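Read the structure below first, then the notes.
There are 2 protein chains.
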Amino acid sequence: MRSYGQYCSIARALDLVGDRWTLLLVRELLLRGPSRYTDLKNGLPGVAANLLATRLRELEQMGLVRREDAPPPVATQVYELTEDGAALEPVLKALGLWGMRYMNEEHAGDAFQASWLAYVPAWFTNDADPAGPPAAIQLVADDEHAVIELGDGSVRARAGRTDHPDLTLVGPARAVLGVLLAKIDLQRARALGLTVKGRRDLLGRLRPAKGLSEAPRP
Amino acid sequence: MRSYGQYCSIARALDLVGDRWTLLLVRELLLRGPSRYTDLKNGLPGVAANLLATRLRELEQMGLVRREDAPPPVATQVYELTEDGAALEPVLKALGLWGMRYMNEEHAGDAFQASWLAYVPAWFTNDADPAGPPAAIQLVADDEHAVIELGDGSVRARAGRTDHPDLTLVGPARAVLGVLLAKIDLQRARALGLTVKGRRDLLGRLRPAKGLSEAPRP
DNA sequence: CCGGATCCCCAGGGATACTG
DNA sequence: CAGTATCCCTGGGGATCCGG
């Protein structure tokens, strides 16, 4: 990218990661951990192959990404974030938090992945009952599966499934996320196609982070 | 900008503000408040006139910027952030904080402005002695003037000058910012051309925010 | 199948000139 | 002062191809 030519830390940051696809690539590396080229390509639907290779090369040269040989089972290379690269997490959190206000409308044809389902509760909710017992919530949105695990005072989430969840939410992504962040109530979520099974009181333990509760928008 | 086509709040955010110059334009509106077109153009050295006009139109249509008639003295229009636009402040702070690690090197020819000098202490330092008496620090870097005001437990900063500062720092931007954030000591700063006059103990009241102190880099 | 490299084409951005 | 108009050029999208 052309430099903005400004001695300003915001401009400097954008000089490095302001290019198209760059921050989404960092998102993938942050959410998935060390990843192969093909996994990244799958995680970034729409990216051109050459562009992904170029970005990875640039990020490596800037010192934000490291290329390493994968551990024994696989014989290929993996890409992972360096310390400087991982330090972008607050940037992605801030962007993601701000962007939540535009998640009310689902645009037809938008891609969706389990890891994007998982980071929302993990990043943007707290446990309102930190001393409460462990619990697991199974999320299923557009056939993507994620699990929220409550306990030890934290809200953790990951892509995948769990046996014996205490609560299961199945429905369109918009409804699942809306309910998790208390932006829409169960009544409206059901109208959007949400199915709820299990201990719905657990939803009360998910307290939306500041900057979200502002006011549900039309 | 082309949409990324992903149902992910980070991608959504970048759909709106990921375009070139957009976040820097928001930075200007945030730091300067309601601004005229020409002020924005001056605050964004290097931007093409047509691009600035396009971005303002796009941001207005997205609901991030509002165009209004200026109060009586001037007969022109001003642009200002809406609530949604101003909510980008945490994003700019996160980006700016991350970018500080690349401010050690000044690139020849980089533009520099007083408002960019001011936001660094205002955003990235706290008063280590919140109950301490009011004090003012005059900053002069590359002929740009800014003032830090301590008192009432907060660190405020603005472009401009003050009479009777308690401390005055004059020198290249890199040295002034480095000293403010405790990334370089006075000894080294002086070697870089910094001049210090007044109560240098006041520097001890500026406590760098988390995410900065990590370790000065070469 | 993985990890790219190559090629073509178009939209978005840069520089400058011009206008109400 | 507040933009438009124009031209040029680069960066990115999309498809295909290629070596391991």
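So the protein sequences, as listed, match chains R and D. Residues 1 to 218 in my numbering are what the first sequence lists, from first letter to last. Residues 1001 to 1218 in my numbering are what the second sequence lists, from first letter to last. For glycine and all other residues, C-beta sits at the position ideal for the given N, C-alpha and C. Please read all numbers here as calculations on a predicted model, not as lab measurements.
Residue from the options with nearest C-alpha to residue i
{"i": "residue 1085 (chain D)", "options": "D:1141, D:1164, D:1013, D:1156", "result": "D:1013"}
{"i": "residue 190 (chain R)", "options": "R:29, R:173, R:202, R:136", "result": "R:173"}
{"i": "residue 1029 (chain D)", "options": "D:1010, D:1064, D:1002", "result": "D:1064"}
{"i": "residue 1060 (chain D)", "options": "D:1017, D:1175, D:1039", "result": "D:1017"}
{"i": "residue 21 (chain R)", "options": "D:1170, D:1004, D:1022", "result": "D:1004"}
{"i": "residue 1123 (chain D)", "options": "D:1042, D:1094, D:1067, D:1023", "result": "D:1094"}
{"i": "residue 1195 (chain D)", "options": "D:1146, D:1141, D:1182", "result": "D:1141"}
{"i": "residue 1010 (chain D)", "options": "R:44, R:9, R:15, R:11", "result": "R:44"}
{"i": "residue 1162 (chain D)", "options": "D:1119, D:1171, D:1148", "result": "D:1148"}
{"i": "residue 1129 (chain D)", "options": "D:1040, D:1208, D:1139", "result": "D:1208"}
{"i": "residue 1159 (chain D)", "options": "D:1103, D:1109, D:1166, D:1143", "result": "D:1143"}
{"i": "residue 1096 (chain D)", "options": "D:1175, D:1019, D:1008, D:1024", "result": "D:1024"}
{"i": "residue 1098 (chain D)", "options": "R:42, R:15, R:56", "result": "R:15"}
{"i": "residue 1058 (chain D)", "options": "D:1109, D:1075, D:1026, D:1036", "result": "D:1026"}
{"i": "residue 1008 (chain D)", "options": "R:175, R:103, R:188, R:210", "result": "R:103"}
{"i": "residue 1036 (chain D)", "options": "D:1019, D:1062, D:1068", "result": "D:1068"}
{"i": "residue 175 (chain R)", "options": "R:52, R:42, R:139", "result": "R:139"}
Proximity of residue i and residue j at Cβ, strictly below 8 Å
{"i": "residue 186 (chain R)", "j": "residue 206 (chain R)", "result": "no"}
{"i": "residue 1150 (chain D)", "j": "residue 1134 (chain D)", "result": "yes"}
{"i": "residue 1105 (chain D)", "j": "residue 1034 (chain D)", "result": "no"}
{"i": "residue 6 (chain R)", "j": "residue 1111 (chain D)", "result": "yes"}
{"i": "residue 100 (chain R)", "j": "residue 192 (chain R)", "result": "no"}
{"i": "residue 1228 (chain D)", "j": "residue 1066 (chain D)", "result": "This structure cannot speak to residue 1228 (chain D), because chain D is shown only from 1001 to 1218."}
{"i": "residue 1125 (chain D)", "j": "residue 1155 (chain D)", "result": "yes"}
{"i": "residue 1114 (chain D)", "j": "residue 1164 (chain D)", "result": "no"}
{"i": "residue 40 (chain R)", "j": "residue 119 (chain R)", "result": "no"}
Status (buried if at least 16 other CB within 10 Å, exposed otherwise) for residue i
{"i": "residue 217 (chain R)", "result": "Note that residue 217 (chain R) scores 41 on pLDDT, short of 50, meaning its location in the model is unreliable; the coordinates nonetheless yield the value given after this. Looking at its Cβ environment, which holds fewer than 16 other Cβ atoms inside 10 Å, residue 217 (chain R) is exposed."}
{"i": "residue 204 (chain R)", "result": "exposed"}
{"i": "residue 1 (chain R)", "result": "exposed"}
{"i": "residue 38 (chain R)", "result": "exposed"}
{"i": "residue 1183 (chain D)", "result": "buried"}
{"i": "residue 1131 (chain D)", "result": "exposed"}
{"i": "residue 178 (chain R)", "result": "buried"}
{"i": "residue 121 (chain R)", "result": "buried"}
{"i": "residue 1070 (chain D)", "result": "exposed"}
{"i": "residue 1157 (chain D)", "result": "buried"}
{"i": "residue 1152 (chain D)", "result": "exposed"}
{"i": "residue 1108 (chain D)", "result": "exposed"}
{"i": "residue 210 (chain R)", "result": "exposed"}
Could you name each continuous alpha helix (DSSP H) segment of 4 residues or more that falls completely within the region 34 to 92 of chain R, going from the start of the chain to the end?
The region 34 to 92 of chain R contains these whole alpha helix (DSSP H) runs: 37 to 43, 49 to 62, 83 to 86.
When you compare the region 1080 to 1099 of chain D with the region 1039 to 1050 of chain D, are there three or more beta-carbon pairs, one atom per stretch, that lie closer than 8 Å?
Counting Cβ pairs under 8 Å, fewer than three are found: no touch.
Secondary structure, alpha helix (DSSP H): runs of 4+ residues fully inside the region 146 to 198 of chain R:
At a cut-off of 4 residues, the continuous stretches assigned as alpha helix (DSSP H) that sit fully inside the region 146 to 198 of chain R are 173 to 180, 186 to 191.
Could you pull out every unbroken alpha helix (DSSP H) segment of at least 4 residues lying fully inside the region 4 to 32 of chain R, listed in chain order?
Taking only runs of at least 4 residues, the alpha helix (DSSP H) segments lying wholly in the region 4 to 32 of chain R are 9 to 17, 22 to 32.
Stretch-stretch touch, CB-based, cutoff 8 Å, three pairs: the region 196 to 205 of chain R with the region 124 to 143 of chain R
Cβ pair count under 8 Å is three or more, so yes.
With a floor of 3 residues, list each beta strand (DSSP E) that falls wholly inside the region 1094 to 1135 of chain D, ordered by position along the chain.
Correct list: 1125 to 1127.
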